[in-house]
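Engineer:
Protein chains: 2
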Amino acid sequence: MMHEAGTATEQTRARLLDAAREVFSQHGFQGATVREICRRAEANVAAVNYHFGSKDGLLAEALNFAPLKAMQLANIEAGGAPEMRLCLFIRDFMLMLLDETNGSLPCRIMARELADPTPALDKIVREAIAPLHEFLGELLREIAGEKTGEAELRRCMHSILGQCLYYRHSHPVLQRLHPRLRYDQKEIAAIALHIADFSLAGINAISKPTAK
Amino acid sequence: MMHEAGTATEQTRARLLDAAREVFSQHGFQGATVREICRRAEANVAAVNYHFGSKDGLLAEALNFAPLKAMQLANIEAGGAPEMRLCLFIRDFMLMLLDETNGSLPCRIMARELADPTPALDKIVREAIAPLHEFLGELLREIAGEKTGEAELRRCMHSILGQCLYYRHSHPVLQRLHPRLRYDQKEIAAIALHIADFSLAGINAISKPTAK
DNA sequence: TTTACATTCAAACAAACGTTTGATACGCTT
DNA sequence: AAGCGTATCAAACGTTTGTTTGAATGTAAA
C-alpha cells in the first residue's frame with residue numbers, strides 16, 4: 001500500500017522537509033509560513049498537517065542532529081593533538097554554519113532558535129547543544145590542563161562558540177557593512193583559522209596566568 | 213494647546229515607548245504585538261498608530277542610540293592605556309546587553325535585530341553599529357599596532373563582539389543548561405573580565421605572531 | 001471490477017494580526 | 001458658555017496565520 005522508498009507519499013514528505021529546512025533557516029520558525037513551505041514543495045497547504053500534524057511537528061522532524069554528531073565523532077577519531085582537533089572542530093562548525101553548499105541546514109536552523117525559544121528548543125538543547133558542550137568541554141580540558149577551574153573553562157567554551165555563531169547571527173549586518181564580502185570556502189577557512197589562533201592564545205592566557 | 217512636558221499626551225507617548233522597548237527586547241519585532249504593548253502601557257490599541265503612525269514607526273522611535281554613543285565618548289575621555297580602555301568597553305557593553313537594572317533596552321533590541329532584518333535595521337547599522345565598529349577598530353589598532361593587517365584587525369573585532377553578543381543571543385539556551393545562573397552585576401563583571409583577558413591574549417597572538 | 005484505504009486538493013475555518021473609523025471626552029482659547 | 005482641536009475609546013476592517021473539512025483522486029488488495 002505504501003512505504004516503499006521512492007513512493008509518491010515519501011516523495012511529498014521529503015519535499016516538504018527540504019522546503020521546510022530552507023524556509024526555517026531563512027526566516028526562522030515564526031517568520032516561516034506553512035504556505036510558503038508548501039509552495040516550494042509544490043504541495044497542498046494541508047499537506048503539512050496531514051504528514052506532520054502541525055507546523056511544530058514539521059520543525060521537529062526537519063531538525064537533524066546527525067551531521068553535528070558525526071562531526072564530533074570524526075573529530076574524536078581523527079586523533080592528534082587537542083589543539084589541532086580544536087582547529088578542526090572550528091573549521092567544520094563554521095562550514096556547517098556558513099557554507100551554502102553544505103547541506104546541513106538544521107545547524108543553521110538551530111542557530112536561529114538559540115535566541116528565540118520555540119517548542120523545539122528543549123529538544124535541541126537536550127539532544128544537540130548539551131552533547132556539543134560536553135564534547136567541547138572535554139577537548140578544552142585537554143588543552144587547558146587540569147588546574148583550570150570549571151567556570152573559566154566554560155567561559156573559554158562560550159568565547160569560542162560566540163565567535164563562531166557571531167558570523168551567522170550578524171550576517172545581515174555584516175553584509176550591509178561589507179557588501180562585497182562572500183562566504184566561500186576559502187574565506188570560511190580563513191575565519192576559522194583566525195578563531196582558532198585567537199582562541200588558543202586566549203585559553204593559554206586563562207589557563208596559565210602569567211604575573212605581570 | 214499641547215506639547216508641554218508632562219502633559220497627558222506626552223505621558224501616553226512615554227508609556228508606549230517604555231512598554232514597546234520592553235516587549236520588543238523580549239519578543240523581537242515580529243514576536244511583539246501592538247496589543248500587548250498597549251496593554252502594558254494601559255493605552256488603547258489605536259494609540260500606537262495615532263502617535264507613531266505604525267508599528268514600524270514605534271520601533272524607530274523606541275530605538276535610542278544615545279547610551280551607546282555616550283559610552284563610547286566616556287571611554288575615549290577616560291584615557292589610559294588602550295588595553296585598559298578595551299577592558300572598560302567590554303564591561304560597559306556587557307552591562308548594556310545583560311544587566312536588568314540597566315535601562316538601556318534599545319541595545320538589547322538592536323542585538324535581537326542583528327539576525328532578523330526589520331525595516332529599522334538599515335538605520336541601526338548606519339547610526340549605531342557602523343560608528344561602534346569604527347570606535348572599536350581604532351581602539352584595537354592602538355593595541356595591535358600598525359603592522360597588523362586590516363582584515364586581521366577586523367576579525368579580532370568580530371571575535372570580541374561575538375563573545376559579548378553570545379551571552380545575549382544564547383541566553384535562552386544557557387538558562388536551560390545552567391538554571392541556577394543569574395546575571396547580576398558581579399557575574400557580568402566576571403564574564404567581561406574573562407572576555408577582556410581572553411581577547412587581549414588573542415590580539416597579541418594575531419598581531420605579534422611568534423614562530424613556534 | 002469492486003472494495004478499502006491512503007493521499008491530495010480546493011475551500012473554508014477560527015483566531016490573531018496591524019490598522020482604520022466614527023463617536024466621545026478632554027483642555028484650551030474666545 | 002460656546003467653539004475648536006487633540007486625545008482616547010470601543011468597535012470593526014481587511015489580511016494573514018495555522019488548521020480543518022469533505023470531496024476527489026490514486027493505488028493496491030480482494
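Residue numbers (this note's numbering), protein chains in the order written: chain S, 1 to 212; chain D, 213 to 424. No residue lacks a Cβ here, since even glycine has one placed at the ideal position from N, Cα and C.
1) Would you call the stretch 87 to 94 of chain S and the stretch 194 to 202 of chain S touching, i.e. three or more CB-CB distances under 8 Å?
2) Looking at the structure shown, is S:Asn49 part of a helix, part of a strand, or coil, going by DSSP?
3) Taking the alpha carbon of S:Ser159 as the reference point, which residue from S:Leu140, S:Ala111, S:Pro179 has its own alpha carbon closest?
4) For S:Leu16 and S:Ala43, which I take to be in contact (beta-carbon distance under 8 Å), what is that distance rounded to the nearest angstrom?
5) In terms of residues, what are the limits of the alpha helix (DSSP H) holding S:Asn204?
6) Given this structure, state the Cα-to-Cα distance separating S:His178 from S:His171, to the nearest angstrom.
7) Taking Cβ positions, are D:Arg252 and D:Ala231 nearer each other than 8 Å?
8) In angstroms with no decimal places, state the Cα-to-Cα distance between S:Asn49 and S:Thr33.
9) For D:Lys267 and chain S, any beta-carbon pair shorter than 8 Å?
10) If the cut-off is 9 Å on Cβ atoms, which residues from the stretch 119 to 146 of chain S count as contacting chain D, listed in chain order?
11) Within 10 angstroms of the Cβ of S:Gln11, are there 16 or more other Cβ atoms? Answer buried if so, exposed if not.
12) Looking at the secondary structure, which residues open and close the alpha helix (DSSP H) in which S:Ser159 lies?
13) Cα-Cα, which of D:Gly292, D:Ala327, D:Ala282, D:Asp334 is closest to D:Asp268?
14) What is the residue span of the alpha helix (DSSP H) that S:Gly137 lies within?
15) Just the chain S side, please: which residues come within less than 8 Å of D:Ala244 by C-beta, in chain order?
16) Can you list the residues of chain S that D:Gly240 reaches, using a CB-CB cut of under 7 Å?
17) If you run the structure through DSSP and keep just helix, strand and coil, what is D:Asn287?
18) Give me, in chain order, the residues of the same chain whose beta-carbon lies closer than 7 Å to that of S:Ile188; leave out the 5 immediate sequence neighbours on both sides.
19) Does any residue of chain D have a CB that is nearer than 8 Å to the CB of S:Ala81?
20) Out of S:Gln163, S:Tyr183, S:Leu114, S:Leu181, which has the shortest C-alpha to C-alpha gap to S:Ser25?
21) 8 Å is my cut-off, CB to CB: does S:Leu59 come that close to chain D?
22) Please confirm whether S:Ala270 and S:Arg85 have their CB atoms less than 8 Å apart.
23) Excluding sequence positions up to five away, which residues of its chain have a Cβ less than 6 Å from the Cβ of D:Ser419?
24) Measuring alpha carbon to alpha carbon, tell me which of S:Ala192, S:Arg21, S:Ala201 ends up nearest S:Met106.
25) CB D:Leu280 to CB D:Ile321, shorter than 8 Å?
Structural biologist: The relevant details are as follows:
1) With a cut-off of 8 Å, the stretch 194 to 202 of chain S and the stretch 87 to 94 of chain S count as touching, because enough Cβ pairs lie within range.
2) Counting from one through the first sequence, the residue named residue 49 of chain S turns up at place 49. Correct three-state label for S:Asn49: helix.
3) Taking the first residue of the first sequence as position 1, residue 159 of chain S is located at position 159. Looking at the Cα atoms, S:Leu140 is the closest of the given residues.
4) Counting from one through the first sequence, the residue named residue 16 of chain S turns up at place 16. Counting from one through the first sequence, the residue named residue 43 of chain S turns up at place 43. That pair is a contact at about 6 Å.
5) As a working note, residue 204 of chain S is residue 204 in the first sequence. 185 to 207 is the extent of the alpha helix (DSSP H) around S:Asn204.
6) Within the first sequence, residue 178 of chain S is the residue found at index 178, counting from 1. Within the first sequence, residue 171 of chain S is the residue found at index 171, counting from 1. The C-alpha of S:His178 lies about 10 Å from the C-alpha of S:His171.
7) As a first step, residue 252 of chain D is located in the second sequence; it is residue number 40 there, counting from the start. As a first step, residue 231 of chain D is located in the second sequence; it is residue number 19 there, counting from the start. Yes, the Cβ-Cβ distance between D:Arg252 and D:Ala231 is below 8 Å.
8) Counting from one through the first sequence, the residue named residue 49 of chain S turns up at place 49. Counting from one through the first sequence, the residue named residue 33 of chain S turns up at place 33. Rounded to whole angstroms, S:Asn49 to S:Thr33 spans 13 Å at the Cα level.
9) For this step, residue 267 of chain D is matched to residue 55 along the second sequence. No Cβ of chain S is located within less than 8 Å of the beta carbon of D:Lys267.
10) Within the stretch 119 to 146 of chain S, the residues whose Cβ lies closer than 9 Å to some Cβ of chain D are Leu121, Asp122, Ile124, Val125, Arg126, Ile129, Ala130, His133, listed in chain order.
11) The count along the first sequence starts at 1 and reaches residue 11 of chain S at position 11. Exposed, by the Cβ-count rule.
12) Taking the first residue of the first sequence as position 1, residue 159 of chain S is located at position 159. Per DSSP, the unbroken alpha helix (DSSP H) holding S:Ser159 starts and ends at 150 to 169.
13) Position 56 of the second sequence, counted from the start, is the residue given in the question as residue 268 of chain D. When each option's Cα is compared against that of D:Asp268, the closest is D:Asp334.
14) Translated into the one-based positions of the first sequence, residue 137 of chain S becomes position 137. Counted as a single uninterrupted DSSP element, the alpha helix (DSSP H) harbouring S:Gly137 occupies residues 130 to 144.
15) Position 32 of the second sequence, counted from the start, is the residue given in the question as residue 244 of chain D. Against D:Ala244, chain S offers no close residue; the least beta-carbon distance is about 11 Å (beta-carbon pairs closer than 8 Å).
16) The residue you call residue 240 of chain D lines up with position 28 of the second sequence. Within chain S, the residues placing a beta-carbon under 7 Å from that of D:Gly240 are Asp116, ordered along the chain.
17) In the second sequence, the residue the question calls residue 287 of chain D occupies position 75. Here D:Asn287 sits in helix by DSSP.
18) Working through the first sequence from its first residue, we reach residue 188 of chain S at position 188. Hits under 7 Å: Met94, Leu95, Leu98, Asp99.
19) To locate residue 81 of chain S, count along the first sequence from 1; it is residue 81. Contact of S:Ala81 with chain D is not assigned, every C-beta pair being separated by 8 Å or more.
20) Here residue 25 of chain S corresponds to residue number 25 of the first sequence, with the count starting at 1. That would be S:Leu114, whose Cα lies nearest to the Cα of S:Ser25.
21) Taking the first sequence and counting its residues from 1, the one referred to as residue 59 of chain S is at position 59. Cβ-Cβ to chain D under 8 Å: no for S:Leu59.
22) Because chain S in this structure spans residues 1 to 212, residue 270 of chain S falls outside the shown range and cannot be described.
23) For the purposes of this step, residue 419 of chain D is identified with residue 207 of the second sequence, where counting begins at 1. So the list reads Ala356, Gly357, Thr360, once near-sequence residues are dropped.
24) In the first sequence, the residue the question calls residue 106 of chain S occupies position 106. Note that residue 106 of chain S is Pro in the sequence shown, not Met. Out of S:Ala192, S:Arg21, S:Ala201, the CA that lies nearest to the CA of S:Pro106 is found in S:Arg21.
25) Here residue 280 of chain D is taken as the residue at index 68 of the second sequence, counted from 1. Here residue 321 of chain D is taken as the residue at index 109 of the second sequence, counted from 1. A distance of 8 Å or more separates the beta carbons of D:Leu280 and D:Ile321.
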